[in-house]
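Residue numbers (my numbering): 11 to 263. Glycine included, C-beta positions come from ideal geometry on N, C-alpha and C. Taking it in order: structure first as structure tokens, then the write-up.
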């Protein structure tokens, strides 16, 4: 029998921002493929844990504010201590602040960069160092954005951070792919989550956005499942340093 290359049984995955939205959907998708999940969130991940339990899966929760660099290595240490080994890291946690570039506040800049970029690097560093020390293959999936490719408006720190995520994905792939640590990214398009409620409720903006998406609809968080399972699995062992758009064709327009 040919082994299923997408099977994640016996794997442990750490998913940040797993309490809601895209992080929740990716955690559930990984669990559905057989992985056990360490759920990391600033608020309770109980809803995600319950969904994983309904699938017959296993999870463990760590509450953490990833804007605090001092705790990042400790998150990986706690996850490793509980699981015994870590195979997958999904750097999903992120925040956004909006203002005109001419009025953008330094604290809003720093807050976004700390969560969206600095935490991605230092969590990845701690995770990869353990894998390399243990001579173990591992997968890192960073969550980038359409604004890794485009400029956007009124989101200076978010665009800078997500552009940085794509660059960071490439350099870490260059350094670690030869050590059996694959580093890739996913760039979600416009998804129906709490973060986009205002856009979807604005009739004009909703119409403008849908008018550019060839698929003709907003993404459902479950639409990320195939991409995150692929990049977490042995099916992607020779895939390194890519940023994969999951955007309904937005960037092709």
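Proximity below 9 Å, CB of residue i to CB of residue j
i	j	result
residue 49	residue 86	no
residue 191	residue 245	no
residue 259	residue 200	no
residue 164	residue 108	yes
residue 155	residue 128	no
residue 99	residue 38	no
residue 63	residue 231	no
residue 101	residue 53	no
residue 251	residue 180	yes
Nearest candidate by alpha-carbon position, reference residue i, set the options
i	options	result
residue 262	225, 247 and 13	225
residue 182	214, 152 and 58	152
residue 123	102, 150 and 174	174
residue 110	150, 166 and 75	166
residue 176	242, 254 and 30	254
residue 205	126, 32 and 92	32
residue 170	105, 23, 146 and 209	105
residue 237	220, 211 and 256	256
Distance between beta carbons of residue j and residue i, contact taken as under 8 Å
i	j	result
residue 96	residue 90	5 Å
residue 26	residue 93	Contact doesn't hold; Cβ gap of about 15 Å is too wide.
residue 334	residue 46	Since the first residue shown for the chain is 11 and the last is 263, residue 334 is missing from the structure and cannot be characterised.
residue 229	residue 197	Between residue 197 and residue 229 the Cβ distance is about 11 Å, and since that is not below 8 Å, they are no contact.
residue 249	residue 184	Incorrect: roughly 14 Å between the Cβ atoms, too far for contact.
residue 125	residue 178	Not really, about 14 Å apart at Cβ, beyond 8 Å.
residue 17	residue 44	6 Å
Close-in-space but distant-in-sequence residues of the same chain around residue i (CB under 7 Å, 5 per side omitted)
i	result
residue 136	82, 83 and 86
residue 15	243, 244 and 245
residue 51	27, 28, 29 and 73
residue 59	49, 69 and 71
residue 186	138 and 193
Residue i, buried or exposed, once every other Cβ within 10 Å from all chains shown has been counted against 16
i	result
residue 207	exposed
residue 29	buried
residue 80	exposed
residue 145	exposed
residue 113	exposed
residue 56	exposed
residue 157	buried
residue 138	buried
residue 13	exposed
residue 41	buried
residue 233	buried
The ligand SAM heavy atom lying under 8 Å from the CB of residue i
i	result
residue 231	The ligand SAM is not part of this structure, which contains no ligands at all.
Other residues of its chain near residue i: CB distance less than 6 Å, five sequence neighbours each side excluded
i	result
residue 189	142
residue 235	39
residue 162	169
residue 240	246
residue 150	99, 134 and 193
residue 19	44
residue 160	none
Proximal residues to residue i (C-beta, below 8 Å), its chain only, five neighbours per side dropped
i	result
residue 209	200, 215, 216 and 219
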